[in-house]
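In the numbering used here, the protein residues as written are 13 to 293. Virtual Cβ for every residue (Gly too), placed ideally from N, Cα, C. The model shown is predicted, which means the values in this text are computed figures rather than measured ones. Have a look at the structure below, then the notes.
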């Protein structure tokens with residue numbers, strides 16, 4: 013399995029599927045192995061085989077360079093160094109190791125944010141697709157509040173948390189228990205601390221490649237008191253600043269009736285971005 017060396021000296025495996033223009037895809041390419049975990053995740057709207065399904069759908073006509081970056085940072089946390097600069101360095105390191113001089117990029121949620129940070133740091137992007145995170149009016153302040161609260165809860169969590177008498181209701185994020193370690197949660201707090209005050213409007217002229225942004229119309233996540241009753245509104249900027257996004261060159265799609273989890277499904281993403289990439293590349 014080929015590997016790339018990341019900013020902290022750790023290596024990450026990647027796979028290449030298909031032939032055509034290069035597409036950098038930070039996702040787990042393997043199908044879920046644990047049926048019980050996959051079934052439980054599905055109750056929350058998650059597909060543990062998402063990356064596998066994306067590769068299947070996108071590798072026809074594209075050279076998909078796929079690597080499980082989220083899985084990597086969870087298994088090898090980077091509590092001090094997961095910064096925007098290092099995110100971009102890591103994406104470029106994978107592209108270099110795969111021999112991709114220029115490449116398109118697709119990421120969802122915080123990995124979409126990663127794509128924007130990459131785009132303003134390199135001229136090697138041939139196209140950028142951001143899903144589940146707005147290119148203008150991003151909820152940086154809200155995400156800093158959420159990640160800092162999550163980090164504090166991880167610090168305060170007992171080493172062996174007691175079993176809950178009643179499991180969290182699927183979809184009720186405020187009832188979910190923080191199961192990540194302090195190191196795992198701190199790296200995301202580090203990322204959003206580094207983005208405090210980031211002006212996404214001011215960097216738009218530095219994004220010069222074809223670009224698509226999409227989100228579900230119901231993509232608003234309300235966190236409970238433990239998170240300071242923070243609301244992360246992804247859909248709002250797509251409504252309120254759509255004309256501004258389009259004026260800056262973004263192709264904007266707001267997917268009716270979908271939330272953060274449902275808008276990332278391969279059955280939604282592949283029919284949306286495959287023809288768009290075919291036309292853009």
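Please give me, in chain order, every unbroken run of the beta strand (DSSP E) with length at least 3 that falls completely inside the region 207-284. Qualifying beta strand (DSSP E) stretches, in chain order: 223-228, 232-234, 243-245 and 262-267.
Rounded to the nearest angstrom, how far is the Cβ of residue 90 from that of residue 199, given a contact under 8 Å? For the purposes of this step, residue 90 is identified with residue 78 of the chain shown, where counting begins at 1. For the purposes of this step, residue 199 is identified with residue 187 of the chain shown, where counting begins at 1. Contact between residue 90 and residue 199 holds: CB atoms are separated by about 5 Å, below the 8 Å threshold.
I believe residue 134 touches residue 100 by the beta-carbon criterion, under 8 Å. Please report the beta-carbon distance rounded to the nearest angstrom. The residue labelled residue 134 in the question sits at position 122 within the chain shown. The residue labelled residue 100 in the question sits at position 88 within the chain shown. About 7 Å; that satisfies the 8 Å criterion.
Whole angstroms is fine: what's the gap from residue 109's alpha carbon to residue 237's? The residue given as residue 109 occupies position 97 in the chain shown. The residue given as residue 237 occupies position 225 in the chain shown. Computed Cα separation, rounded: 44 Å.
Bridge-paired residues (DSSP) for residue 118: Position 106 of the chain shown holds residue 118. Answer is 141.
Flag this pair as touching only if the region 61-79 and the region 133-153 have three or more C-beta atom pairs under 8 Å; answer yes or no. The region 61-79 makes no contact with the region 133-153; the number of CB pairs closer than 8 Å stays below 3.
Could you please give me the residues that DSSP links to residue 25 through a beta bridge? Position 13 of the chain shown, counting from 1, holds the residue named residue 25. Per DSSP, 15.
One question on the structure: do residue 116 and residue 74 come within less than 9 Å of each other, judged by their Cβ atoms? Here residue 116 corresponds to residue number 104 of the chain shown, with the count starting at 1. Here residue 74 corresponds to residue number 62 of the chain shown, with the count starting at 1. It is a contact, given that the beta carbons lie within the stated cut-off.
For residue 198, which of helix, strand or coil comes out of DSSP? Translated into positions along the chain shown, residue 198 becomes position 186. Judged by DSSP in its simplified three-state form, residue 198 adopts helix.
Could you work out which residue in 141, 262, 281 and 263 is closest to residue 270 when comparing CA atoms only? Sequence index remark: in the chain shown, residue 270 carries index 258 (1-based). With distances taken between Cα atoms, residue 270 lies closest to 281.
By alpha-carbon positions, which one of 119, 127 and 111 ends up nearest to residue 96? Position 84 of the chain shown, counted from the start, is the residue given in the question as residue 96. Answer by Cα proximity: 127.
For the beta strand (DSSP E) containing residue 34, list its first residue and its last residue. If you number the chain shown from 1, residue 34 lands on position 22. Under the DSSP assignment, residue 34 falls in the beta strand (DSSP E) whose first and last residues are 34-38.
Sequence-distant residues of the same chain with beta carbon closer than 6 Å to residue 30, five excluded per side: Here residue 30 refers to the residue found at position 18 of the chain shown. Excluding sequence neighbours, residue 30 sits near 71, 74, 75 and 76.
Taking the alpha-carbon positions, what's the residue 159 to residue 222 distance? Here the question's residue 159 lines up with position 147 in the chain shown. Here the question's residue 222 lines up with position 210 in the chain shown. Cα to Cα, the separation comes out at about 31 Å.
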